[in-house]
Amino acid sequence: MGVPIRVNFENIKPIDYEANEAYKAIRTNIAFCGKQIKAIVITSSLQGEGKTEVSFRLAISMAEDGKRVVFVDADLRKSVFAGRYHIDRAVRGLTHYLSGIYSKEDVIYLSNIKNLSVIFAGPVAPNPSELLQNNFFLKLMEHLKQAYDYIIIDSPPLGSVIDSAVIAKNCDGAIMVIEANCGSPKLVLRIKNQLTKTGCLILGAILNKANNGRPIYYRYRKYEKRYLLKIRKSVKDYVSKKS
Numbered sequence: 746m747g748v749p750i751r752v753n754f755e756n757i758k759p760i761d762y763e764a765n766e767a768y769k770a771i772r773t774n775i776a777f778c779g780k781q782i783k784a785i786v787i788t789s790s791l792q793g794e795g796k797t798e799v800s801f802r803l804a805i806s807m808a809e810d811g812k813r814v815v816f817v818d819a820d821l822r823k824s825v826f827a828g829r830y831h832i833d834r835a836v837r838g839l840t841h842y843l844s845g846i847y848s849k850e851d852v853i854y855l856s857n858i859k860n861l862s863v864i865f866a867g868p869v870a871p872n873p874s875e876l877l878q879n880n881f882f883l884k885l886m887e888h889l890k891q892a893y894d895y896i897i898i899d900s901p902p903l904g905s906v907i908d909s910a911v912i913a914k915n916c917d918g919a920i921m922v923i924e925a926n927c928g929s930p931k932l933v934l935r936i937k938n939q940l941t942k943t944g945c946l947i948l949g950a951i952l953n954k955a956n957n958g959r960p961i962y963y964r965y966r967k968y969e970k971r972y973l974l975k976i977r978k979s980v981k982d983y984v985s986k987k988s
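Just add 745 to wherever you are in the sequence shown, counting from 1, and you've got the numbering used here.
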């Protein structure tokens with residue numbers, strides 16, 4: 746096993762005070778769920794709701810808090826991550842590992858952000874769902890849970906493909922990113938139900954592009970009547986089932 750390679754992100758623009766505080770609030774809410782919540786998949790209903798930006802900013806915020814974090818770009822169909830943040834080198838990715846071309850150690854990169862490692866998506870694969878269901882992905886998740894405090898996984902919109910549900914089966918929690926004034930509550934609830942069927946605990950939702958762009962975290966209370974789901978009781982139930 747060689748020395749991990751470092752990549753530099755060259756296009757991370759600073760965020761304002763309110764947005765920074767919002768991400769701190771989100772990471773605090775996640776911490777309140779307990780130490781058993783390590784692997785978190787983040788999805789949305791539709792393309793363009795901002796889940797990649799939210800996922801990466803959340804990972805950065807957790808790393809700034811001193812946590813060991815790995816960000817996994819698992820959008821194997823239409824990733825925008827590497828291009829958006831302008832990395833300084835060619836990289837191997839998740840599809841290389843899942844196809845058996847490289848080892849898991851070969852696709853985990855250090856970054857110029859302290860405490861943050863990254864796994865890139867890699868080249869587009871013709872069969873993403875099948876790749877994510879193989880034993881390579883399960884072994885990767887087991888390894889990451891031992892090596893990091895948090896695993897933040899950016900996954901495709903669940904309204905269009907099933908990949909996020911496949912990923913969620915191997916995660917401890919899921920968060921939905923919802924663009925304000927976009928889409929329908931019925932679609933959001935349908936996506937929520939799909940995630941619930943995987944057995945993955947739904948931690949909450951982030952209402953994005955609202956209040957001057959500041960993300961807002963919901964604990965699924967009001968949205969269960971019109972939006973999302975309750976969190977505290979479901980966390981306790983989840984822990985008791987696992988113990």
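Even for Gly, the Cβ is constructed at its ideal location relative to N, Cα and C. What you are looking at is a predicted structure, and each value in this text was computed from that prediction instead of being measured.
Let me check one thing: in DSSP terms, what residues is residue i bridge-paired to?
| i | result |
| --- | --- |
| Gly838 | Phe865 |
| Leu855 | Arg751 and Ser862 |
| Leu815 | Contrary to the premise, residue 815 reads as Val rather than Leu in this sequence. Its beta-bridge partners are Ser862 and Ile896. |
Are the CB atoms of residue j and residue i within a distance shorter than 8 Å?
| i | j | result |
| --- | --- | --- |
| Thr797 | Phe754 | no |
| Lys783 | Asp917 | yes |
| Val799 | Ile936 | no |
| Ala866 | Leu839 | yes |
| Pro902 | Ser789 | yes |
| Ser905 | Asp820 | no |
Locate the beta strand (DSSP E) running through residue i, then write down its first and last residues.
| i | result |
| --- | --- |
| Gly811 | From DSSP, Gly811 is part of no beta strand (DSSP E); its letter is neither H nor E. |
| Ser874 | Per DSSP, Ser874 belongs to no beta strand (DSSP E); it is in the alpha helix (DSSP H), Pro873 to Leu877. |
Can you give me the C-alpha to C-alpha distance between residue i and residue j, rounded to a whole angstrom?
| i | j | result |
| --- | --- | --- |
| Lys758 | His831 | 11 Å |
| Leu1033 | Tyr842 | Nothing about residue 1033 can be reported from this structure: the residues present for the chain run from 746 to 988 only. |
| Ser844 | Gln878 | 12 Å |
| Ile785 | Asn880 | 19 Å |
| Arg751 | Lys931 | 43 Å |
| Asn756 | Val817 | 18 Å |
| Ser985 | Leu946 | In this prediction, Ser985 scores a pLDDT of 41, lower than 50, which makes its location untrustworthy; the coordinate-derived value is nonetheless stated afterwards. About 13 Å. |
| Ile864 | Lys914 | 19 Å |
| Leu861 | Ala804 | 7 Å |
| Pro749 | Tyr854 | 6 Å |
Can you check whether the C-beta of residue i is within less than 8 Å of a C-beta belonging to chain D?
| i | result |
| --- | --- |
| Leu885 | Within the model displayed, chain D is absent; a lone protein chain is all it includes. |
Over the uninterrupted alpha helix (DSSP H) stretch that includes residue i, give me the two end residues.
| i | result |
| --- | --- |
| Ser789 | Per DSSP, Ser789 belongs to no alpha helix (DSSP H); it is in the beta strand (DSSP E), Ala784 to Ser789. |
| Ala764 | Tyr762 to Phe777 |
| Tyr830 | Phe826 to Tyr830 |
Counting only runs of 4+ residues fully inside the segment 880 to 935, write out the alpha helix (DSSP H) ranges in chain order.
The qualifying runs are 880 to 892 and 908 to 913.
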